[in-house]
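Visitor: Sequential numbering of the sequence shown, starting at 987, is according to my numbering.
For reference, the structure I am asking about is given below.
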Amino acid sequence: IRWQTPLSHMRRTATQDIEFGGKLIRKGDRVVMWYASGNRDETVIDRPDEFIIDRDHARHHLAFGFGIHRCMGNRVAELQLKILWEEILARFSHVEVVGEPARVASNFVNGFTDMQVRLHA
Ligand code: HEM
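The following block contains the structure:
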């Protein structure tokens, strides 16, 4: 979820002046929170561009947002993925991507419209 970051960002409107990271954000300013960027922050995440499935603190990421609006369904989403991979791995040894995947043309959803795969027993 961190490495892929399905939703790239969300936006907020500042309710008061605040200095953050050396920048002044004024009341009414619109602020974009790039989860995709935070999830590749090399000051927090070791080798952030690498997919390391058994890395320490694997659930420590921003792909479900942060704070009071953090994703309500994050545990359901994790459970769905866990079951999906359990069932796939019980049936197939290898999933081969054949051909070039087609991406969703969006700066919000980081997804695919088409990905052809071959499943090997
Ligand atoms: C991989 C799958 C998912 C990802 C990456 C994801 C990501 C997110 C993100 C980034 C937010 C916004 C947090 C914010 O605005 O600060 C959010 C909010 C939310 N998500 Fe998800 N989500 C996923 C699956 C789900 C599922 C399966 C459900 C419901 C069963 C769900 C329900 C919600 C709800 C209700 C909110 C709004 C929470 C609020 O505004 O207080 N999400 N999600």
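No residue lacks a Cβ here, since even glycine has one placed at the ideal position from N, Cα and C.
Could you tell me the alpha carbon to alpha carbon distance between G1014 and D1003, rounded to whole angstroms?
Guide: Their backbone Cα atoms lie some 8 angstroms apart in a straight line.
Visitor: Compute the minimum distance between the beta carbon of M996 and the heavy atoms of the ligand HEM, and state whether it is under 7 angstroms.
Guide: Yes - the ligand HEM has a heavy atom lying nearer than 7 angstroms to the Cβ of M996.
Visitor: For the segment 1024-1035 against the segment 1053-1063, do three or more pairs of beta-carbon atoms, one drawn from each stretch, fall closer than 8 angstroms, so that the two count as touching?
Guide: No, the segment 1024-1035 is not in contact with the segment 1053-1063.
Visitor: Taking 7 angstroms as the limit between beta carbons, can you name the residues of its chain near H1080, skipping five residues before and five after?
Guide: For H1080, where only same-chain residues beyond five positions count, the Cβ hits under 7 angstroms are H1106.
Visitor: Between the Cα of R988 and the Cα atoms of D1035, I1069, R1089 and V1018, which residue gives the shortest distance?
Guide: Checking every option, the nearest Cα to that of R988 belongs to D1035.
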